[in-house]
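Q: Reminder that position 181 of the sequence shown reads as 180 in numbering that gives the first Met the number 0, one-by-one numbering, no gaps.
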Amino acid sequence: MQYYHPRPSSIVAALYTLRDLQVDVAVLHGPSGCSFKHARLLEEDGIRVLTTSLGDEEFVFGGQKTLEELLRFAESEFHPNRIAVVGTCVSMIIGEDLEAGIEGSGISTPAIAVSIHAGFRENIEGVLAALEPALRAGWISEEEFARQKRILQAANAIEHSRGAASKTYIQPSRGDLKHAAAAELLNVIRAGKKTLVVMNAKKETAYMFADYLCAVHEAAEKTAPDADIHYLCNLENRGLPKVRADAEQILSELKSRGINPKLAGALDEYGENGSTIEKIIREEKPEVLVLSGVPHAVSPEALNGITVFSSTNGPRQAAPLKEQGHDYVIVELDLHPKTIGVHSIVESEFGAVLRSLV
Numbered sequence: 000m001q002y003y004h005p006r007p008s009s010i011v012a013a014l015y016t017l018r019d020l021q022v023d024v025a026v027l028h029g030p031s032g033c034s035f036k037h038a039r040l041l042e043e044d045g046i047r048v049l050t051t052s053l054g055d056e057e058f059v060f061g062g063q064k065t066l067e068e069l070l071r072f073a074e075s076e077f078h079p080n081r082i083a084v085v086g087t088c089v090s091m092i093i094g095e096d097l098e099a100g101i102e103g104s105g106i107s108t109p110a111i112a113v114s115i116h117a118g119f120r121e122n123i124e125g126v127l128a129a130l131e132p133a134l135r136a137g138w139i140s141e142e143e144f145a146r147q148k149r150i151l152q153a154a155n156a157i158e159h160s161r162g163a164a165s166k167t168y169i170q171p172s173r174g175d176l177k178h179a180a181a182a183e184l185l186n187v188i189r190a191g192k193k194t195l196v197v198m199n200a201k202k203e204t205a206y207m208f209a210d211y212l213c214a215v216h217e218a219a220e221k222t223a224p225d226a227d228i229h230y231l232c233n234l235e236n237r238g239l240p241k242v243r244a245d246a247e248q249i250l251s252e253l254k255s256r257g258i259n260p261k262l263a264g265a266l267d268e269y270g271e272n273g274s275t276i277e278k279i280i281r282e283e284k285p286e287v288l289v290l291s292g293v294p295h296a297v298s299p300e301a302l303n304g305i306t307v308f309s310s311t312n313g314p315r316q317a318a319p320l321k322e323q324g325h326d327y328v329i330v331e332l333d334l335h336p337k338t339i340g341v342h343s344i345v346e347s348e349f350g351a352v353l354r355s356l357v
């Protein structure tokens, strides 16, 4: 499909994957401004992102010497356990050999080359471009690589069928007013309606989407202690190292706050968790559903007869969710920057509003 609204970058997807693989230093072999915003964000999360800052001269004569010098600098300055060299549009167009740059640098640190550019319509190409050399280097197993391919395909399918990739252009929206949605949710909690609160979040975004469980739990404790509320999260212990660590941390904190959720899937399985969540919805038969993270993983058919409060961090996801019958759609703007580099649950805007009404 041809898209007229911006879509995620495959270079950025590769960088986030390298972070999840516990790479210490990622070297962007390209202009200094390439992926600047995300490179800066990722440095808040423990990975150093360097750039060879290619310019006019390197565009013509090549930048391998610059790459080799930077790799030697990175090794001596930061003493990393793992390094990755990530391609950009420039380095790919001029035909730079990233692996030759690593070999020519003479570094002893384990390093991989990620041959990628931003000319892919699907950002999962960047994830695969990072995982393939990681597999060859022995950083992940064949089993985990196969699992990653499966869940990436599932996530892609959901985005194309019900997400921000489902239309050529989607008007961004801030969703429903948070105070109106919070007031109505508080009403149904006080009315004693059976409620299922579900988090189906993507990786570190769970640090904020988990706050929906906390806010509902706190509101119920103070206003309706006997409320019939159940909790469900995708915090099973699978995935790349950082993903597993985040799931363990969030689950531990939820339990410390008095929430013992049922588990359904892992933090990187948000795309394929829909069928499991739908099965639990059929079993639980809730009257009200609070669905945060990637709510469009759940099919509209599973929501018939249920009042649905859904939350996303994508302004272009609001309109599709409304079309799919979600009664209240809440958009958590700037969620991603707020969940980078954190190690405890972050208060959501909706959670703050709900708490203020109690």
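Idealized CB from N, CA, C, for every residue including glycine. Keep in mind the model is a prediction, meaning the values are calculated, not measured.
With 16 as the cutoff for other CB atoms within 10 Å, does Arg315 come out buried or exposed?
A: Answer is buried; the Cβ neighbour count reaches 16.
Q: Return yes when the Cβ of Thr194 is within less than 8 angstroms of the Cβ of Val287, no when it is not.
A: Yes, they are a contact pair.
Q: Going by beta-carbon coordinates alone, are Ala117 and Ile46 separated by less than 8 angstroms?
A: It is not a contact, given that the beta carbons lie outside the stated cut-off.
Q: Can you tell me whether DSSP reads Ile276 as helix, strand or coil?
A: Looking at Ile276 - three-state DSSP - the assignment turns out to be helix.
Q: Would you call Gly350 buried or exposed, if buried means 16 or more other Cβ atoms sit within 10 Å of its Cβ?
A: Buried: at least 16 other Cβ atoms inside 10 Å.
Q: Which residues mark the beginning and the end of the beta strand (DSSP E) in which Met198 is found?
A: Residues 194–199.
Q: Give me the residue from Thr65, Thr16, Ile188, Val22 with the minimum Cα distance to Ser31.
A: Residue Thr65 is the option with its Cα nearest to Ser31.
Q: Take every Cβ of the segment 255–262, pair it with every Cβ of the segment 216–235, and state whether three or more of those distances are shorter than 8 angstroms.
A: Yes, they touch.
Q: Using the C-alpha atoms, what's the distance from Glu268 back to Arg256?
A: Distance between the alpha carbons of Arg256 and Glu268 is about 25 angstroms.
Q: Count Cβ pairs between the segment 3–20 and the segment 66–78 that sit closer than 8 angstroms; are there 3 or more?
A: No contact exists between the segment 3–20 and the segment 66–78.
Q: Got a sec: does the ligand ADP put a non-hydrogen atom nearer than 7 angstroms to the Cβ of Leu69?
A: The ligand ADP is not part of this structure, which contains no ligands at all.
Q: Answer yes if the segment 198–211 comes into contact with the segment 156–173, meaning at least three C-beta pairs across the two stretches below 8 angstroms, and no otherwise.
A: Touching, no.
Q: Can you tell me whether Ser251 is helix, strand or coil according to DSSP?
A: Helix.
Q: Is the Cβ-Cβ distance between Leu151 and Ile139 less than 8 angstroms?
A: Cβ distance not < 8 angstroms, so Leu151 and Ile139 don't count as in contact.
Q: By Cβ distance below 7 angstroms, which residues in the same chain neighbour Lys221 in space, the five residues on each side in sequence not counted?
A: Val357.
Q: Can you round the beta-carbon distance between Lys337 and Arg18 to whole angstroms, since I take them to be within the 8 angstroms contact cut?
A: About 17 angstroms separates the two Cβ atoms, so there is no contact after all.
Q: Between Ile106 and Glu74, is the Cβ-Cβ spacing less than 8 angstroms?
A: Cβ atoms of Ile106 and Glu74: closer than 8 angstroms.
Q: Going straight from the alpha carbon of Thr108 to that of Val24, what length do you get?
A: Between Thr108 and Val24, the C-alpha separation is close to 10 angstroms.
Q: Within 10 angstroms of its Cβ, does Asn122 collect 16 or more other Cβ (buried), or is it exposed?
A: Buried is the call here.
Q: Using the beta-carbon count (16 or more within 10 Å), is Asp245 buried or exposed?
A: Classification for Asp245: buried.
Q: In terms of alpha-carbon separation, which member of Ala182, Arg189, Glu217, Gly238 lies closest to Ala201?
A: Looking at the sequence provided, one finds Lys at residue 201 rather than Ala. Here the closest residue by C-alpha is Gly238.
Q: Could you name each continuous alpha helix (DSSP H) segment of 4 residues or more that falls completely within the segment 17–52, going from the start of the chain to the end?
A: Listed in chain order, they are 35–41.
Q: Beta strand (DSSP E) containing Ala83: first to last residue?
A: First-last of the beta strand (DSSP E) with Ala83: 82–86.
Q: Which residues in the same chain as Gly191 place their Cβ atom closer than 7 angstroms to its Cβ, once the five residues preceding and following it in sequence are excluded?
A: Once the five neighbours on either side are set aside, the close Cβ partners of Gly191 are Ala223, Ala226, Asp227.
Q: Closest to Gln248 by CA distance: which of Ser343, Val293, Ala13, Gly304 is it?
A: Residue Ser343 is the option with its Cα nearest to Gln248.
Q: With respect to the alpha helix (DSSP H) encompassing Phe72, which residues constitute its N-terminal and C-terminal limits?
A: Taken as a continuous stretch (DSSP letters only), the alpha helix (DSSP H) holding Phe72 covers 63–77.
Q: For Glu95 and Gly61, which I take to be in contact (beta-carbon distance under 8 angstroms), what is that distance rounded to the nearest angstrom?
A: Yes, Glu95 and Gly61 are in contact; Cβ-Cβ is about 7 angstroms, under 8 angstroms.
Q: What would DSSP say about Val187, mapped onto helix, strand or coil?
A: Of the three classes helix, strand and coil, the one that applies to Val187 here is helix, per DSSP.
Q: Report the rounded CA-to-CA distance for Ser392 versus Gly324, giving the unit in angstroms.
A: Here the chain has residues from 0 to 357 only, and residue 392 is not among them.
Q: Rank Ala136, Ser310, His216 by C-alpha distance to the C-alpha of Val113 and give the top, closest one.
A: The shortest Cα separation from Val113 among Ala136, Ser310, His216 belongs to Ala136.
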